[in-house]
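Notes for the one structure printed next.
2 protein chains.
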Amino acid sequence: MSENSIQERGATAKNASFKCADTSTSSRNHALNAIADALDHHRAAIKQANASDIKRSQAEKLAAPLLKRLAFDDAKIDSVIQGIRDLIVLDDPIGQTKLATELDTGLDLYRVTCPIGVIGIIFESRPDAFVQISVLCLKSGNAVLLKGGREALETNRILYQIISNATAQIGYPDHWIQNLESREDVSDMLALDDTIDLIIPRGSNAFVRYIMEHTNIPVMGHSEGLCHVYIDASADPKKAIPVAVDAKSQSVAVCNAEETLLIHESIAPVILPPLKKAMDAAGVHLRGDLAVRNIIDAEIANDSDWQTEYLDYILSIKIVKNLSEAIDHINHFGSGHTDVIVTEDLESARKFTAQVDSAGVFVNCSSRFADGFRYGFGAEVGISTAKLHARGPVGLDGLVSYKYKLLGHGQIVEDYENGSKHFTHRPLHQQCPL
Amino acid sequence: MSENSIQERGATAKNASFKCADTSTSSRNHALNAIADALDHHRAAIKQANASDIKRSQAEKLAAPLLKRLAFDDAKIDSVIQGIRDLIVLDDPIGQTKLATELDTGLDLYRVTCPIGVIGIIFESRPDAFVQISVLCLKSGNAVLLKGGREALETNRILYQIISNATAQIGYPDHWIQNLESREDVSDMLALDDTIDLIIPRGSNAFVRYIMEHTNIPVMGHSEGLCHVYIDASADPKKAIPVAVDAKSQSVAVCNAEETLLIHESIAPVILPPLKKAMDAAGVHLRGDLAVRNIIDAEIANDSDWQTEYLDYILSIKIVKNLSEAIDHINHFGSGHTDVIVTEDLESARKFTAQVDSAGVFVNCSSRFADGFRYGFGAEVGISTAKLHARGPVGLDGLVSYKYKLLGHGQIVEDYENGSKHFTHRPLHQQCPL
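In order, the protein sequence lines correspond to chains C and G. Taking the numbering used here, I'd label the letters of the first sequence as residues 1 to 434. Taking the numbering used here, I'd label the letters of the second sequence as residues 1 to 434.
Next up, the structure:
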């Protein structure tokens, strides 16, 4: 490892990013193949480094969930290698012409996708995140700066060496990947506004929130997933109850799980008794407002429940007077991740999906579908609750920007200002030739 | 004017934004028509308020360029009214289906454009900016908070009243537009992270830079436009000289004007003498490095020239050894706005447009073409040098986000996890029915 400062390494990555932007689809896929082969070849060394990290972290009493995330065994190595093989066959996200317009004869404008530049990845203990996001950055022509937790120091170091050597050997631009492992705080990286174009944090909600609050660099991700299911007056109970149960209990410690169930007052007496039976069977503890507790047994839900992401077998339930109250509740307490309406009324569905301000607005299906793989994106960079750039599950296209290429033959603006020439603004149906 | 705090007014705008997101194309166009009619009808009152602002600002010795921007005369009123009429005929940017995928039979995913939410507009003295960006926000279904300079207090207040009344009278959602004119510093607005989704600043470079550096809210704009023209070894002088002159002198106080000219050393002796003659004729003062001054008369350019946006009849010229040095210079000193290569060599054009990291990378034409109207966008929100969300000249689509609408019939994730159902991921060729 070099002893250069984070600032110097950032500048090096920035310079590399200009070269990466000029690599071919085949050279990037060739580099991905080389990485997959090298990871497979160096399994023993990876597992040895990881065992050392785990041993040290156990001695240092690292919390159990973090220890679990730190483990990088054969199954996880297989999984990241398969992820790379799958990534290779995806379409190239860069070099795609998204708009083509003839401004005038021989003056053609193209909007063409290109890499964002330098992606900063900050993560807690999971070394698989190191590989997964690095290869997504490579596929999309970006350079990447990685800052892992100290607990995974040796695993990250060897992964960096394997990836870096594998791509260098086949002639991919040097320094596209930089592993930061200095003792300085993560704040050094968060201050690299001039170098890093986008930060992707991976870790606990609190970790992601900390990153978002301590940098001016755009952050892609979500700190919270407080998802709602709303059962409308016209809902079909045969859909409503399975959807509410699946959204809550299919997996509880995930961002797209339901945390609060809202029920229209007119249908609550019909829904709540069978719902309670189904939730009991799934091991879900219910908390409810007074109206709910008039119908079924439940602990009392207080105001803090409406803003709590349990990530556990707990569900808060509130009875609402109408659709508007449900929408207001969701827009006030929700996290803008994914919210569901169960209804047979088309106008209710329309109003809900128009007015609920969330990345996912679902009708008659589980919130757990909010996922890049289930959406068919083939690769998932993360799930974003921001409203600019990329929203919801983000595929490879969340790692690209675009630039305008204007190809002329000596045209000047003065000719159009003085009226001797005129714009045609004719759509072109062709790829950018450059 | 209400005496509510900026925080309360922000919350009011946020609530209004959910209603605006559920308005029809025709209701928004109807509201735009009502605004245009009302501005036309109330010209006398607008000019009276503006005269009062100008008189007070003159007494307070407001700087001449700001005084000029403050004026809102009949010509400017005509111009904003025509802008509104033009905006009405543009396609609705929201409600557009951008992706449609069948995840499984009866489970259809749609990516549909929607408003961003609440746009914050902060501007110096120009009252026309108040109208222009407000109506772009209305067309795109956004709510808007405006914070103008104190110098335009009376003009902004009457414009706000006219716009607000005109839309209220035809039943457009109340409170979609909020005029902030409290004595508190602009910093109050910059802190409204929870309310404002995007800030658009309008004013001087220094003003925009201040906004960008003092908020965590995403900012759309550019503080600097330091554009380059590079004349390659293979350039055709009959194209190179007119392009370099137009880019510099067609209009000098604009962000897409050329500030530095780079010339390949092998062609410099051919280019510089006629270039100097043409620049002299256009009234442009030349500054050059030593190699330039060996060929033509020019003031000496020092290092600070390469990072100066003159916005004036001044051009710095540097001779470079090759294309790579030109690219490195531009990526180091440029502002990522628009940069031009003049060349007859296709590979040079390809490399330049791939490696120069700017919103516009032009071949054989003037940098002055970097403009939303010249690009054929029909409306310009601004020009962005950011790489996320929107880059370069930004049309109406820079004011929209998207959400995923997933329309099912009671589907749950467990069925796909336990293998009893399988995703089809079949592209759909249809609009979202909601």
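Each residue gets a CB set at the ideal place from its N, CA and C atoms; glycine is no exception.
Chain-ordered neighbours of residue i on chain C, where CB pairs are closer than 8 Å
{"i": "G/Val363", "result": "Lys405, Leu406, Leu407, Gly408 and Leu434"}
{"i": "G/Gly83", "result": "By Cβ distance, chain C contributes nothing, its closest Cβ being about 18 Å from G/Gly83, past 8 Å."}
{"i": "G/Ile116", "result": "Lys387 and Leu388"}
{"i": "G/Ala11", "result": "None at all; the shortest Cβ gap to chain C is about 10 Å."}
Environment of residue i [buried if 16+ CB atoms lie within 10 Å]
{"i": "G/Gln355", "result": "buried"}
{"i": "C/His429", "result": "exposed"}
{"i": "G/Ile435", "result": "Any question about residue 435 of chain G goes unanswered here, given that chain G covers just 1 to 434."}
{"i": "G/Leu323", "result": "buried"}
{"i": "G/Asp86", "result": "exposed"}
{"i": "G/Ser2", "result": "At G/Ser2, the pLDDT of 47 sits below 50, so the modelled position is not reliable and the matter cannot be decided from this model."}
{"i": "G/Gln58", "result": "exposed"}
{"i": "G/Lys98", "result": "exposed"}
{"i": "G/Glu151", "result": "buried"}
{"i": "G/Ser335", "result": "buried"}
{"i": "C/Arg183", "result": "exposed"}
{"i": "C/Gly10", "result": "buried"}
{"i": "G/Gly283", "result": "exposed"}
{"i": "G/Asp197", "result": "buried"}
{"i": "G/Pro269", "result": "exposed"}
{"i": "C/Arg426", "result": "exposed"}
Contact set between residue i and chain G, taken where Cβ atoms lie within less than 9 Å
{"i": "C/Pro173", "result": "Correct list: empty, because the minimum Cβ distance to chain G is about 11 Å."}
{"i": "C/Gln355", "result": "Phe18, Lys19, Ala21 and Asp22"}
{"i": "C/His264", "result": "Neighbours of C/His264 on chain G: none; closest Cβ ~17 Å, over 9 Å."}
{"i": "C/Val243", "result": "Gly408, Gly410, Gln411 and Ile412"}
{"i": "C/Asn29", "result": "The premise fails here: C/Asn29 is roughly 18 Å from chain G at the closest Cβ pair, so nothing lies under 9 Å."}
Endpoints, the beta strand (DSSP E) within which residue i is located
{"i": "C/Val363", "result": "Gly360 to Cys365"}
{"i": "C/Val229", "result": "Cys227 to Ile231"}
{"i": "C/His264", "result": "Glu258 to His264"}
{"i": "G/Ile319", "result": "Ile314 to Val320"}
{"i": "C/Val340", "result": "Thr338 to Val342"}
{"i": "G/Leu406", "result": "Val400 to Gln411"}
{"i": "G/Ile200", "result": "Leu198 to Arg202"}
{"i": "G/Leu180", "result": "Ile177 to Leu180"}
{"i": "C/Ile46", "result": "C/Ile46 -> not in any beta strand (DSSP E); alpha helix (DSSP H) instead, spanning Arg43 to Ala59."}
{"i": "G/Ser384", "result": "Gly382 to Ser384"}
Chain-ordered neighbours of residue i on chain C, where CB pairs are closer than 7 Å
{"i": "G/Asp246", "result": "Ile412, Val413 and Glu414"}
Contacts of residue i in chain G (Cβ-Cβ under 7 Å)
{"i": "C/Leu90", "result": "None at all; the shortest Cβ gap to chain G is about 13 Å."}
{"i": "C/Tyr402", "result": "Arg391"}
{"i": "C/Arg368", "result": "Val413"}
Neighbour list for residue i in chain G, Cβ cutoff strictly below 8 Å
{"i": "C/Pro201", "result": "The contacting residues do not exist; C/Pro201 stays about 15 Å from chain G at best."}
{"i": "C/Phe423", "result": "Arg374 and Gly376"}
{"i": "C/Lys277", "result": "What C/Lys277 touches in chain G: nothing, since even the nearest Cβ is about 17 Å away."}
{"i": "C/Glu417", "result": "Gln250"}
Boundaries of the alpha helix (DSSP H) in which residue i is found, first to last residue
{"i": "C/Gly392", "result": "Run containing C/Gly392: none in the alpha helix (DSSP H); it sits in the beta strand (DSSP E), Gly392 to Val394."}
{"i": "G/Ile6", "result": "Ile6 to Cys20"}
{"i": "C/Ile191", "result": "Residue 191 of chain C is actually Ala in this sequence, not Ile. Premise fails: C/Ala191 is in no alpha helix (DSSP H) and is neither H nor E."}
{"i": "G/Lys277", "result": "Ala268 to Ala282"}
{"i": "C/Leu66", "result": "Ala64 to Leu70"}
Can at least three beta-carbon pairs, one atom from the stretch 403 to 422 of chain C and one from the stretch 356 to 367 of chain G, be found at a separation below 8 Å? yes
Can you give, in chain order, each stretch of the beta strand (DSSP E) that sits fully within the stretch 85 to 162 of chain G and has at least 3 residues? 97 to 104, 107 to 115, 118 to 123 and 143 to 147
Measuring CB atoms only, is the stretch 308 to 315 of chain G touching the stretch 246 to 264 of chain G, in the sense that at least three cross pairs come out at less than 8 Å? yes
Do the stretch 164 to 178 of chain C and the stretch 133 to 147 of chain C meet, that is, are 3 or more Cβ pairs less than 8 Å apart? They touch, by the three-pair rule.
Okay, do the stretch 26 to 38 of chain C and the stretch 162 to 176 of chain C touch, 3+ Cβ pairs below 8 Å being the bar? yes
Stretch-stretch touch, CB-based, cutoff 8 Å, three pairs: the stretch 234 to 241 of chain G with the stretch 157 to 168 of chain G: The stretch 234 to 241 of chain G is not in contact with the stretch 157 to 168 of chain G.
Does the stretch 13 to 30 of chain G touch the stretch 46 to 62 of chain G, meaning 3 or more C-beta pairs lie closer than 8 Å? Three or more Cβ pairs closer than 8 Å define a contact, and the stretch 46 to 62 of chain G falls short of that threshold against the stretch 13 to 30 of chain G.
Segment contact flag, the stretch 290 to 298 of chain G with the stretch 343 to 351 of chain G, C-beta cutoff 8 Å, min 3 pairs: With the rule of 3 Cβ pairs closer than 8 Å, the stretch 290 to 298 of chain G does not count as touching the stretch 343 to 351 of chain G.
Which runs of the alpha helix (DSSP H) spanning at least 4 residues fall entirely within the stretch 286 to 314 of chain G, listed in chain order? 290 to 293
Secondary structure, alpha helix (DSSP H): runs of 4+ residues fully inside the stretch 209 to 255 of chain C: 237 to 249
Does the contact criterion of 3 or more C-beta pairs under 8 Å hold for the stretch 116 to 123 of chain G versus the stretch 191 to 203 of chain G? yes
Counting Cβ pairs, one atom from each stretch, are 3 or more of them under 8 Å apart for the stretch 415 to 432 of chain C and the stretch 70 to 89 of chain G? no
I want to know whether the stretch 197 to 206 of chain C touches the stretch 124 to 136 of chain C - three or more CB-CB distances under 8 Å. Flag = yes, the stretch 197 to 206 of chain C and the stretch 124 to 136 of chain C touch.
Check whether the stretch 77 to 84 of chain G touches the stretch 382 to 389 of chain G, taking contact to mean three or more Cβ pairs, one atom from each stretch, closer than 8 Å. no
Counting pairs of Cβ atoms below 8 Å between the stretch 371 to 382 of chain C and the stretch 207 to 215 of chain G, do you hit three or more? no
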